[in-house]
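Trainee: With our numbering applied, the sequence shown closes on residue 301, and no number is skipped along the way.
Glycine residues also receive a C-beta, built at the ideal position from the N, C-alpha and C atoms.
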Amino acid sequence: MQTGALTDTLVLGASMQDFFEHGLNDAVFGASLYANIFLAGATLLLLMWLGRNVKDPRSQLIIVSVMGISAVSIASYSGLASGLTLSILEMPEGHGMEGATTVLETSDGAVEEDGTMVLWGRYLTWTFSTPFILLALGLIAGSNITKIFTAIIFDIGIMVTGLAAALTTSSHLMRWWWYALSCVYFLVVVYILLVEWPEDAKAAGTYEIFNTLKWLTIVTWFGYAIFWALGNEGLAIFETAVVTSWGYSILDIVSKYALSIIIVVWVRDNVDIVSGGAEYGATSDAIPADD
Ligand code: RET
Numbered sequence: 011m012q013t014g015a016l017t018d019t020l021v022l023g024a025s026m027q028d029f030f031e032h033g034l035n036d037a038v039f040g041a042s043l044y045a046n047i048f049l050a051g052a053t054l055l056l057l058m059w060l061g062r063n064v065k066d067p068r069s070q071l072i073i074v075s076v077m078g079i080s081a082v083s084i085a086s087y088s089g090l091a092s093g094l095t096l097s098i099l100e101m102p103e104g105h106g107m108e109g110a111t112t113v114l115e116t117s118d119g120a121v122e123e124d125g126t127m128v129l130w131g132r133y134l135t136w137t138f139s140t141p142f143i144l145l146a147l148g149l150i151a152g153s154n155i156t157k158i159f160t161a162i163i164f165d166i167g168i169m170v171t172g173l174a175a176a177l178t179t180s181s182h183l184m185r186w187w188w189y190a191l192s193c194v195y196f197l198v199v200v201y202i203l204l205v206e207w208p209e210d211a212k213a214a215g216t217y218e219i220f221n222t223l224k225w226l227t228i229v230t231w232f233g234y235a236i237f238w239a240l241g242n243e244g245l246a247i248f249e250t251a252v253v254t255s256w257g258y259s260i261l262d263i264v265s266k267y268a269l270s271i272i273i274v275v276w277v278r279d280n281v282d283i284v285s286g287g288a289e290y291g292a293t294s295d296a297i298p299a300d301d
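1. Tell me the DSSP secondary structure of residue 140 in three-state form.
2. Specify, as a first and last residue, the run of the alpha helix (DSSP H) that residue 226 falls within.
3. Return helix, strand or coil for residue 149, following the three-state DSSP convention.
4. So within the region 42-99, which uninterrupted beta strand (DSSP E) runs reach at least 3 residues, ignoring any that extend past its ends?
5. Considering only C-alpha positions, which residue in the set 119, 129, 180, 178 is nearest to residue 256?
6. Does the ligand RET have a heavy atom nearer than 8 Å to the CB of residue 82?
7. Would residue 122 be called buried (16 or more neighbouring beta carbons within 10 Å of its own) or exposed?
8. In its own chain, which residues sit with a C-beta less than 6 Å from the C-beta of residue 265, not counting the 5 before and 5 after it?
9. Just to confirm my understanding: we take residue 66, look at its own chain, exclude 5 residues before and 5 after, and list those with CB closer than 8 Å. What are they?
10. Would you say residue 133 and residue 173 are within 9 Å of each other, going by their C-beta atoms?
11. Expressed to the nearest angstrom, what Euclidean distance is found between the alpha-carbon atoms of residue 157 and residue 183?
12. So what does residue 111 bridge to, in DSSP terms?
13. DSSP state of residue 116, grouped into three classes?
14. Would you kindly work out how many angstroms separate the C-alpha atoms of residue 58 and residue 102, rounded to a whole number?
15. Count the other C-beta atoms from every protein chain shown that fall within 10 angstroms of the C-beta of residue 210, then say buried if there are 16 or more, exposed otherwise.
16. Check whether the Cβ atoms of residue 170 and residue 135 lie closer than 9 Å to each other.
17. Return helix, strand or coil for residue 209, following the three-state DSSP convention.
18. Could you check where the alpha helix (DSSP H) with residue 188 kicks off and where it finishes?
19. I need the boundaries of the alpha helix (DSSP H) containing residue 28, first residue and last residue.
20. Distance check for residue 107 and residue 249, CA to CA, integer angstroms please.
21. Does any heavy atom of the ligand RET sit closer than 8 Å to the C-beta of residue 260?
22. What do you get for residue 225, buried or exposed, if any count of 16 or more other CB atoms within 10 angstroms of its CB means buried?
23. If you drop the 5 nearest sequence neighbours on each side, which residues of the same chain put their C-beta closer than 7 Å to that of residue 270?
24. Is it buried or exposed, residue 274, if we count other Cβ atoms within 10 angstroms and call 16 or more buried?
25. With hydrogens ignored, establish whether the beta-carbon of residue 238 is closer than 8 Å to any heavy atom of the ligand RET.
26. Quick check on residue 236: buried or exposed, where buried means 16 or more other Cβ atoms within 10 Å of its Cβ?
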């Protein structure tokens, strides 16, 4: 019968409610998400307070940009905590988590599912949060629109291909192909951060602060890439989603909240330097005619 055939092929995975309850009942896992909702909210309020007296538009743009990081983060972690943006995926042949099962702590007791837990909402939301980091860094370095745009476009490429790497279940090789592609885009961003923007920052008189922010960013961003490779989505050296989730959450604390606070405190005290460049906002060296 038609209905019978349909029922036979229906795959029943864990429900969104199961994921939500798991976040509440598994304290270690849940804390990695709820702590970040709290930290992102607290950082956002602190940044508003720190930047409240800044009136210069270019300085305000940097401040608004870093506030955007925490604003996206609240939504990102809410997506994970509510169970909306995570799944249990069965990994392909040859993957370290092939044949793995995951136990979810629901209110009705433990539910075991085939597959490993993938918090794919992170990669989706990094697509929206990390451009804010690069916009702020590019503006502090006094860089031009072309370089800022290039950094942001390749950054979006990193995150979208990272999302593809996390969600691909058809072939083990294809997962690593996505990962490699993501790394190539990542190298473009690293090049801009290590070579282009330090030069611009020297000219803008912001080299010292830029250098600190640059290293904070480079080290933590490599941390994300390494964590993916070692975690349950990659080589599965850390087998559980809990370790991977905490790893990313700790990296987030440094790469987003600490970075934002350093930026806003510096901008607030250095508005003259931030707004000082003669050609800020221009796309060529030409001086507009008066007529
Ligand atoms: C992935 C996996 C594929 C290879 C690479 C990655 C890099 C991720 C990075 C993430 C940075 C995230 C930040 C989030 C803050 O909101 C996608 C893990 C290279 C660099 C800073």
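Mentor: Working from what's here:
1. DSSP places residue 140 within a helical segment (H, G or I) once states are collapsed to three.
2. 217-240 is the extent of the alpha helix (DSSP H) around residue 226.
3. The three-state secondary structure of residue 149, taken from DSSP, is helix.
4. As far as the region 42-99 is concerned, its whole beta strand (DSSP E) runs of at least 3 residues are 97-99.
5. For the residues 119, 129, 180, 178, the minimum Cα distance to residue 256 belongs to 129.
6. Indeed, a heavy atom of the ligand RET lies less than 8 Å from the Cβ.
7. With fewer than 16 other Cβ atoms inside 10 Å of its own Cβ, residue 122 counts as exposed.
8. Cβ-Cβ distances below 6 Å link residue 265 to 230 in the same chain, with the five nearest sequence neighbours on each side left out; the list follows chain order.
9. Taken in chain order, the residues that qualify are 281, 284, 285.
10. A contact, by the Cβ cut-off of 9 Å.
11. Rounded to the nearest angstrom, the two C-alpha atoms are 33 Å apart.
12. In DSSP, residue 111 forms a bridge with 124.
13. Residue state, collapsed to three classes: strand.
14. For residue 58 and residue 102, the distance between alpha carbons rounds to 46 Å.
15. Label assigned to residue 210: buried.
16. Not closer than 9 Å, so no.
17. Residue state, collapsed to three classes: helix.
18. 182-201 is the extent of the alpha helix (DSSP H) around residue 188.
19. Here the alpha helix (DSSP H) through residue 28 covers 26-35.
20. Distance between the alpha carbons of residue 249 and residue 107 is about 7 Å.
21. In this structure, the ligand RET has no non-hydrogen atom nearer than 8 Å to the beta-carbon of residue 260.
22. With fewer than 16 Cβ atoms within 10 Å of its Cβ, residue 225 is classed as exposed.
23. Cβ-Cβ distances below 7 Å link residue 270 to 53, 57, 76, 79, 80 in the same chain, with the five nearest sequence neighbours on each side left out; the list follows chain order.
24. With 16 or more Cβ atoms within 10 Å of its Cβ, residue 274 is classed as buried.
25. Flag set: Cβ of residue 238 near the ligand RET.
26. Residue 236 comes out exposed.
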